[in-house]
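Residue numbers (our numbering), protein chains in the order written: chain W, 783 to 986; chain X, 783 to 986; chain A, 783 to 986; chain P, 783 to 986. Data block below; observations after.
Protein chains: 4
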Amino acid sequence: MEDVAPTKREQQKEERRKQILAAALKVFTEKGFHAANVSDVAAAAGVSQGTIYWYFDSKEDLFQAAILSAFEELGQETMGTVLMQATAREKLWGLVRGMEGLAGQMGGLFMLFLGYWASSPDRAKAGQWWPNLLVEYKDVVAGIIEEGVKTGECRPVDAESLAWSLLATYNGLAAYAALLPDLDLVRISRAFSETLIKDLEVDA
Amino acid sequence: MEDVAPTKREQQKEERRKQILAAALKVFTEKGFHAANVSDVAAAAGVSQGTIYWYFDSKEDLFQAAILSAFEELGQETMGTVLMQATAREKLWGLVRGMEGLAGQMGGLFMLFLGYWASSPDRAKAGQWWPNLLVEYKDVVAGIIEEGVKTGECRPVDAESLAWSLLATYNGLAAYAALLPDLDLVRISRAFSETLIKDLEVDA
Amino acid sequence: MEDVAPTKREQQKEERRKQILAAALKVFTEKGFHAANVSDVAAAAGVSQGTIYWYFDSKEDLFQAAILSAFEELGQETMGTVLMQATAREKLWGLVRGMEGLAGQMGGLFMLFLGYWASSPDRAKAGQWWPNLLVEYKDVVAGIIEEGVKTGECRPVDAESLAWSLLATYNGLAAYAALLPDLDLVRISRAFSETLIKDLEVDA
Amino acid sequence: MEDVAPTKREQQKEERRKQILAAALKVFTEKGFHAANVSDVAAAAGVSQGTIYWYFDSKEDLFQAAILSAFEELGQETMGTVLMQATAREKLWGLVRGMEGLAGQMGGLFMLFLGYWASSPDRAKAGQWWPNLLVEYKDVVAGIIEEGVKTGECRPVDAESLAWSLLATYNGLAAYAALLPDLDLVRISRAFSETLIKDLEVDA
DNA sequence: CATGAATGAGCGTTCATTCAT
DNA sequence: TATGAATGAACGCTCATTCAT
């Protein structure tokens, strides 16, 4: 049988995978990597433990797959919207507003990853995929800033460094928000962005 | 004769405690909370496992004590230096320079804490001590900014929010530095601070 | 087809459970609750330690299940036989003869329980199941005596109190038998019962 | 120095021993042998753990010493009073009344011993001293009954067996009392003794 | 494909005992 | 004598992973 279109079997399998992935994300987010058990995930997904191991090689594999799939859904969407803006200035503000809204979920993912990574026996190997994602996003942000510089919308700055700073700030704030639920993220973000980005912009 | 000065016994005990604390910090930093075993710490300290429990109630207790003692050594010193500056402007720059230098170590501690916290069975209760530290530091930074506003060194701003942002940025950068060893922290910090703080300052 | 009868899987599981229970009873009886290890039970049952925890929640749970299952096997049978007798007098004698024969095994169980209970951190809560059993048996015995009183076979007595005494005597003797293997239980029981029960009976 | 009278040093030592013994009895009675720690005893006695080991070889040694000293104080006294009675009949009733009153404390000791013995790795060796005590007491009780038989106060019976039964009953009741705090020991004892002992007595 | 029973290495913690001071 | 710090073997229990069915 050489049909290219996915068979019913394959579709079912894919669905199962997604179902497990969703359960895994939920459980891992709630409990963190180490406190979450494979059996928790299995229960949440409504399958047996054994089934998990049919679709994923290990708890780590499952974790990575879950976090990556969530990240893609979240980030791509925002970035897509941002990049559709006409001017660099609009893109920048869109980015900041986007991160502001995403901080909760994105930060959750970041914390989730950190909790995993920070207790990895071999950090050098563990979770190289997340830094790669970071660099990707940094490049996008840096690109926007550079575009602004080129078009004269922004003062000439070290775009790369500022991109890192911007991501770092929102990641840090997301962590704080998780730690201190009363934190007013929007207020802080507004104060920060108005100070930082306004300064980037050349005086009209 | 009631000697107020610590006896030799007590001095030895204190030394032992510090010795264990140092070993714990080393091991926890290397492996993270969950991957590190109490027996690792005991071995690193050159004592038996039982001895650990003579000085500390639990692995968690040991962890907290290790992080806090390291934190105090690191932070207090910097903050002390910073607060000795004459003007708010000098304090702010001092702060940023200090965090720049500390980011590596401080960030390691932050990651360490997150790795612990993120997988805590009850996050609401676990590790409340770290958020408390955050708030403390935030207050100091906010105080500096407010002082600057009062003395006319800075534009009128939401000091609290900017303080949070500043801490978040350096925490985030510290995390990135741990994840991406090649990151040029100093360059990023300079670009960031020059943009952000310069904007705070009223034009001379 | 919804089979009501247990599947092969379920049968196997039940067998495994019994196998573990039997091993647990053996090991606990030999060593007592505190001196016996879960690994001992596992070894005796020919399974791994982990398997024990698949079937039972804890060492305590296993202990309780083992004692209760043994108790039921032992006691119910005797009680059944006893209650089938026609007259109260016959029932009483049957009971005493039954306890006489059971004392060795029953007493072993009682000792086993005491060894567990006596060192329980919270005696008020621990092992409430055993007292419940006691009360159950006391009620049966008291019922027999009362029946005898009603039918005129026995003198009017405090049935409840005598029932407690009867159980206490045989429990005590069982303990002694465990402590002093040379004790002639049958002889003691005969002397005791002939004195006590004969007195209960109204002179023909 | 060959003084026969205890030196002050020796007196102090003896006092310390008693102080520890008292603390040990209290702690062991409260928690049972296995749940009680040597450090608990040390704390209750107001000495360090090390000191315990100066006076006693091991936890077991301490336990045995504590239980024996308590037993002697309790039992000898009652037995003394009992044996001072003029007639066997009076002695028997005195014994029963004494055991009735002692059941609480004596039973506590018996339970304490059982809890220890039942979980002894090697029961054959452990705690041979208690059975010896039992036999001693049994002999006293049997002696009283025999005396009654000789003087014609009692019917001719198997004194030995009845002595065992009597002890067993009160030991059993004591255990029940510990297990079921609401049990009315006095009422049960009265009902029991009036039935059993009255039967022993020859009709006046 | 899916199940769930079975595994066993590994962990944090306790505590009787020892020993330098 | 007395202290209390130090030891280390031992325990109950967990959980990622495997495998017969």
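A virtual CB, placed ideally from N, CA and C, is assigned to each residue, including glycine.
- Counting every other CB atom within 10 Å of its CB across the protein chains shown gives Leu-844(W) a total of 16 or more, marking it as buried.
- Nearest to Phe-810(A) by C-alpha distance, out of Leu-856(A), Leu-896(A), Asp-839(A) and Trp-836(A), is Leu-896(A).
- The alpha-carbon separation between Glu-929(X) and Ser-943(W) amounts to approximately 28 angstroms.
- Using beta-carbon distances, Arg-871(X) does not count as an interface residue toward chain W, since no partner is under 8 angstroms.
- Sorting Leu-961(P), Tyr-837(P), Trp-875(P) and Ala-956(P) by C-alpha distance to the C-alpha of Cys-936(P) places Trp-875(P) at the top.
- Here Gln-910(A) is exposed: its Cβ has fewer than 16 other Cβ atoms, across all protein chains shown, within 10 Å.
- Distance from the CA atom of Ala-806(W) to the CA atom of Thr-951(X), rounded to whole angstroms, is 30 angstroms.
- With a minimum length of 4 residues, the unbroken runs of alpha helix (DSSP H) contained wholly in the segment 880 to 942 of chain X fall at 911 to 933.
- Listed in chain order, the non-local C-beta contacts of Ser-902(W) below 7 angstroms within the same chain comprise Ala-908 and Gly-909, local neighbours out to five positions each way being set aside.
- Residue range 790 to 817 is occupied by the alpha helix (DSSP H) that includes His-816(A).
- In the DSSP assignment, Val-820(P) falls within the unbroken alpha helix (DSSP H) covering 820 to 827.
- In terms of Cβ geometry, Phe-892(X) and Ala-956(X) form a close pair [threshold 8 angstroms].
- Taking a cut-off of 8 angstroms for Cβ pairs, the segment 879 to 890 of chain P and the segment 961 to 971 of chain P touch, as three or more such pairs fall below it.
- Sequence-distant Cβ neighbours of Lys-920(X) in its own chain, meaning closer than 7 angstroms and more than five residues away, are Ala-945, Trp-946 and Leu-949.
- One Cα belongs to Gly-814(W), the other to Tyr-898(W), and the distance between them is close to 8 angstroms.
- When only Cα atoms are considered, Leu-916(X) and Ala-824(A) end up about 50 angstroms apart.
- With contacts defined by Cβ atoms closer than 8 angstroms, Ala-973(X) and Asp-940(W) form a contacting pair.
- The beta carbon of Thr-860(X) sits closer than 7 angstroms to those of Gly-880 and Leu-884, all from its chain and outside the five residues before and after it, given in chain order.
- For the options Ser-975(P), Gly-889(P), Val-923(P) and Gly-828(P), the alpha carbon positioned closest to that of Leu-961(P) is the one of Gly-889(P).
- Under the Cβ distance rule, Arg-969(P) counts among the residues neighbouring chain A, one pair being separated by less than 8 angstroms.
- With a threshold of 16 other beta carbon atoms within 10 Å, Thr-977(P) meets it and is buried.
- Put simply, the CB of Trp-912(A) is near chain P, with a gap under 8 angstroms to one of its CB atoms.
- For the segment 887 to 910 of chain W, the set of residues with a beta-carbon nearer than 7 angstroms to any beta-carbon of chain X comprises Met-893, Leu-894, Leu-896, Gly-897, Ala-900, Ser-901, Ser-902 and Pro-903, in chain order.
- For the C-beta of Leu-962(P), the chain A residues within less than 8 angstroms are, from N- to C-terminus, Pro-913, Leu-916 and Val-917.
- Measuring C-alpha to C-alpha distances from Gln-846(X) to each of Lys-790(X), Glu-918(X) and Leu-803(X) identifies Leu-803(X) as the nearest.
- With 16 or more other Cβ atoms from the protein chains shown falling within 10 Å of its own Cβ, Asn-953(X) counts as buried.
- Taking C-beta atoms under 8 angstroms as the contact rule, Ala-827(A) and Gln-801(A) qualify, at a distance of about 6 angstroms.
- Across the structure, Glu-792(A) and Arg-799(A) are spaced so that their CA atoms are roughly 10 angstroms apart.
- Taking a beta-carbon distance threshold of 8 angstroms, Thr-863(P) does not count as an interface residue toward chain A.
- By a beta-carbon distance limit of 8 angstroms, Leu-877(X) contacts Val-923(X). Their separation comes to about 7 angstroms.
- Residue contact check for Asp-921(A) against chain P: no CB pair falls below 8 angstroms.
- Residue contact with chain A for Gly-814(P): present (Cβ-Cβ distance below 8 angstroms to some residue of chain A).
- Leaving aside the five residues that flank Ala-818(A) on each side, the residues in its chain whose CB is nearer than 7 angstroms to its CB run, in chain order, Val-809 and Phe-810.
- When rounded, the separation of the alpha-carbon atoms in Trp-912(X) and Trp-912(P) is 57 angstroms.
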